[in-house]
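Report on the structure given below.
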DNA sequence: TTATCAGGTATCTTTTTTCATACCTAAACA
DNA sequence: TGTTTAGGTATGAAAAAAGATACCTGATAA
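Residue numbers (the numbering used here), protein chains in the order written: chain A, 1 to 114; chain B, 115 to 228.
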């Protein structure tokens with residue numbers, strides 16, 4: 001089992017990082033994990049992302065079935081929100097591990113690094 | 115504490131993904147985590163990476179103090195190996211979480227996705 | 001003494017990402 | 001009726017990442 005993990009480990013790491021890596025996907029997932037978000041809400045929290053890029057990243061995460069785009073209707077209006085899919089929710093703990101490692105170790109990298 | 119984590123969470127996620135993200139850094143770290151590796155060993159395990167790219171990525175991880183480049187001397191010869199720094203070792207569990215999530219969930223993404 | 005191997009560097013090209021800017025549609029608002 | 005807001009799309013330029021190729025240095029091997 002240990003051996004099997006190692007044989008396939010690298011491909012697995014690369015595949016997972018393709019989902020949460022990149023400049024925006026990790027941050028996007030970490031916001032949506034927290035609670036469902038609307039397009040402009042994400043856009044303003046993320047800061048410097050453009051609409052085109054945000055759209056592209058959201059469509060990609062949808063394609064991977066990590067998130068879902070749902071129409072929210074009230075009597076008077078309707079809008080869309082992005083939320084984790086049932087399957088996507090499983091990544092929340094992984095993201096928490098990322099945040100934890102970051103909080104404990106990032107400083108070392110930032111201060112000693114460069 | 116929960117609030118504090120959330121306020122800084124995104125920046126933290128982005129910073130950590132800058133270390134383990136990208137096309138090669140995750141795989142490289144996951145190999146070196148396992149045991150120290152030599153340049154050409156890494157190059158051949160990683161497959162399609164070029165020397166220039168591998169050098170660049172290794173220098174960057176060194177700069178972040180995640181790995182160390184050490185000269186290995188025997189009586190007859192000397193070579194170099196890359197190994198995790200004391201600080202870098204802490205990322206091993208995080209990488210294990212990445213692999214675990216991947217093994218459990220990647221298939222869903224690959225099969226249902228696209 | 002020539003050839004080979006480890007561990008790279010230097011340049012240039014190609015590909016991929018991201019950004020900037022302008023624009024679009026439907027709904028609600030004033 | 002005209003404007004603003006939400007949620008985008010389209011296009012092209014710029015920047016970043018990765019690749020291809022050639023070359024270099026200091027061993028050691030034949």
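No residue lacks a Cβ here, since even glycine has one placed at the ideal position from N, Cα and C.
Item                                                                                                                                                             : Value
What residues in its chain sit with their C-beta under 7 angstroms from that of residue 38 of chain A, if we drop five residues either side in the sequence?     : 79, 80 and 81
For a contact defined as C-beta to C-beta under 8 angstroms, what are the partners of residue 90 of chain A on chain B?                                          : 215, 218 and 219
DSSP has residue 79 of chain A in a bridge; who is on the other side?                                                                                            : A:72
Can you give the Cα-Cα distance for residue 210 of chain B and residue 138 of chain B, rounded to whole angstroms?                                               : 17 angstroms
By the three-class DSSP mapping on this structure, what secondary structure does residue 181 of chain B have?                                                    : strand
Would you report the Cα separation of residue 199 of chain B and residue 181 of chain B, rounded to the nearest angstrom?                                        : 5 angstroms
By the criterion of Cβ-Cβ separation under 8 angstroms, what are the contact partners of residue 12 of chain A in chain B?                                       : 212, 213, 216, 217 and 220
Can you tell me whether DSSP reads residue 220 of chain B as helix, strand or coil?                                                                              : helix
By the three-class DSSP mapping on this structure, what secondary structure does residue 139 of chain B have?                                                    : helix
Inspect the beta-carbon positions of residue 130 of chain B and residue 16 of chain A and report whether they are closer than 8 angstroms.                       : no
If you draw a straight line from the C-alpha of residue 143 of chain B to the C-alpha of residue 77 of chain A, how long is it?                                  : 49 angstroms
Would residue 27 of chain A count as contacting chain B if we go by Cβ distances under 8 angstroms?                                                              : yes
Within 8 angstroms of any Cβ in chain A, is that where the Cβ of residue 230 of chain B sits?                                                                    : Lying before the first or after the last residue shown, residue 230 of chain B is absent from chain B, which here runs from 115 to 228.
Residue 27 of chain A and residue 146 of chain B: beta carbons closer than 8 angstroms?                                                                          : no
If distances are taken between C-alpha atoms only, which option among B:156, B:150 and B:157 comes closest to residue 185 of chain B?                            : B:150
Strictly below 9 angstroms CB to CB, what residues from chain B border residue 44 of chain A?                                                                    : The contacting residues do not exist; residue 44 of chain A stays about 12 angstroms from chain B at best.
What first and last residue would you give for the alpha helix (DSSP H) that runs through residue 204 of chain B?                                                : Residue 204 of chain B -> no alpha helix (DSSP H), and no H or E assigned at all.
When the Cα atoms are used, what is the spatial distance from residue 91 of chain A to residue 215 of chain B?                                                   : 7 angstroms
Within a Cβ cutoff of 7 angstroms, which residues of the same chain sit near residue 64 of chain A, ignoring the five residues on either side of it in sequence? : 19
If the cut is a Cβ gap below 8 angstroms, which residues of chain B does residue 54 of chain A touch?                                                            : Ordered by position in chain B, no residue passes the 8 angstroms Cβ test against residue 54 of chain A, which lies about 14 angstroms from the chain.
Does any C-beta atom of chain A lie closer than 8 angstroms to the C-beta of residue 172 of chain B?                                                             : no
For chain B, is any of its Cβ atoms less than 8 angstroms away from the one on residue 82 of chain A?                                                            : no
Considering only the alpha carbon of each residue, which of B:161, B:176, B:175 and B:188 lies closest to residue 14 of chain A?                                 : B:161
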